[in-house]
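Have a look at the structure below, then the notes.
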Amino acid sequence: LSKHAWAYRQVSLLLRRPPGREAYPGDVFYLHSRLLERAAKLSDERGAGSLTALPIIETKAGDVSAFIPTNVISITDGQIFLQDDLFKSGVRPAVDVGISVSRVGSAAQIKAMKTAVGTLKSDLQQFRELEAFAAFGSDLDAVSKAQLERGYRLTELLKQGINSPMPVEQQCVVIFAGTRGYLDDIETEDVERFSDGLLEWFSTRHAVVLDQIRESGKIDDEDAFEAIVKDYAEQFVPSSPEGATPEAEEQADAEATVRTSARHLPEEELDRDSEEAEA
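Under the numbering used here, the first residue of the sequence shown carries the number 268, and numbering increases by one thereafter.
Structure follows, in structure tokens:
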């Protein structure tokens, strides 16, 4: 709607209409509200079905207090604010949890998601504030350092690739593991491998739990659910300090064994191999 508002402002100024705030005409709010109010849920008598509007607003230097952003925020049922700095740092989708809000809130979530999320949003908000504070090189206490480390892992956990949607039951599993602290002792580089392995652990050994969440929308036995996550966390093998995964280390050992065997071949066999290669 930003481009729409800019074009409407230009036309209005050319028509000599009285400008208002930021030179926009006075009826631009009415124009946008009339457009967005077309989103509705129709009754059965009107044909049923629903229409959801997702207006997109461009902010200048991240300023959400400008005229058009505040207008649209007051009309809609919430907003998702994408931060340019987060995007450039590799956090994608680059959602700023501090500015992004929903008037619907948890009313649109299933019970399993409410259980899994816990204090996720407040944890991420505190992490962003603490991260900005730590950038000045200030000494942090043990509690603040723990919050910072968990925030890095939660941020890594919530990253999502292009065209890679995740079913809600799988979201509940990985978010539950993050908010309950099962990622705290894992390196940030291992978070993606941990979450992928955890989902495979559930799908191969506890598929009935995923089916139950998908069908009923809730976690019946939270203690048993957490026990499954704990079992996987205890058997998870972290990467080596150099960053190599256990699978990569096994492959490297196998290649080293082959090279060692080649070095111990008789000289005549090596000569014959080299002659065959030249031929």
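Note that beta-carbon positions come from the ideal geometry of N, C-alpha and C, so glycine has one too.
| request: Could you tell me which uninterrupted alpha helix (DSSP H) segments, each at least 4 residues in length, are contained entirely in the segment 403-449, listed from first to last along the chain? | output: The segment 403-449 contains these whole alpha helix (DSSP H) runs: 409-424 and 435-446.
| said: Does residue 466 come out as helix, strand or coil in the three-state DSSP assignment? | reply: helix
| said: Helix, strand or coil for residue 346? Go by DSSP, reduced to three states. | reply: strand
| said: Just to confirm my understanding: we take residue 444, look at its own chain, exclude 5 residues before and 5 after, and list those with CB closer than 7 Å. What are they? | reply: 450, 465 and 496, listed in sequence order.
| Is residue 292 helix, strand or coil when you go by DSSP? | strand
| N- and C-terminal bounds of the alpha helix (DSSP H) containing residue 480 | First-last of the alpha helix (DSSP H) with residue 480: 474-483.
| Where residue 525 and residue 438 are concerned, what is the direct C-alpha to C-alpha distance, given to the nearest angstrom? | Any reading at residue 525 must be qualified, since the residue scores a pLDDT of 47, below 50, and its modelled position is unreliable; no value is offered.
| said: Run through the DSSP bridge pairs and tell me what residue 327 is partnered with. | reply: Note: residue 327 sits in a beta bridge opposite 330.
| task | Can you give me the start and stop residues for the alpha helix (DSSP H) that residue 454 sits inside? | result | Counting along the chain, residue 454 falls outside any alpha helix (DSSP H), and DSSP gives it neither H nor E.
| query | Do you know how far the Cα of residue 391 is from the Cα of residue 353? | reply | Rounded to whole angstroms, residue 353 to residue 391 spans 13 Å at the Cα level.
| request: Could you check if residue 323 is buried or exposed, using at least 16 other CB atoms within 10 Å of its CB as the buried criterion? | output: Note on residue 323: under 16 other CB atoms within 10 angstroms of its CB, so exposed under the neighbour-count rule.
| Enclosing alpha helix (DSSP H) for residue 376 [first to last residue] | That residue, residue 376, is in no alpha helix (DSSP H); it is neither H nor E in DSSP.
| query | Which residue or residues does DSSP assign as beta-bridge partners of residue 369? | reply | 345
| Proximity winner among 325, 357 and 347, relative to residue 366 (alpha-carbon distances) | 347
| query | With DSSP run on the structure shown, which of helix, strand or coil describes residue 336? | reply | helix
| query | Between the segment 450-460 and the segment 477-484, do three or more beta carbon pairs fall short of 8 Å? | reply | no
| query | According to DSSP, what are the bridge partners of residue 389? | reply | Residue 389 pairs with nothing; no bridge assigned.
| said: Restricting to Cα atoms, I'd like to know which of 349, 345, 343 and 373 is closest to residue 329. | reply: 349
| Under the three-state DSSP convention, the category residue 277 falls into | helix
| Starting from residue 490 and walking both ways along the alpha helix (DSSP H), at which residues does that stretch end? | Residues 489-502.
| task | State the start and end residues of the unbroken alpha helix (DSSP H) segment that holds residue 353. | result | 351-355
| Opposite residue 362 in the DSSP bridges: which residues? | Answer is 349, bridged to residue 362.
| Distance between residue 279 and residue 433 (C-alpha atoms, nearest Å) | Roughly 45 Å separates the two Cα atoms.
| Quick one: what's residue 286 bridged to in DSSP? | 292
| query | Roughly how many angstroms separate the alpha carbons of residue 453 and residue 339, rounded to a whole number? | reply | 41 Å
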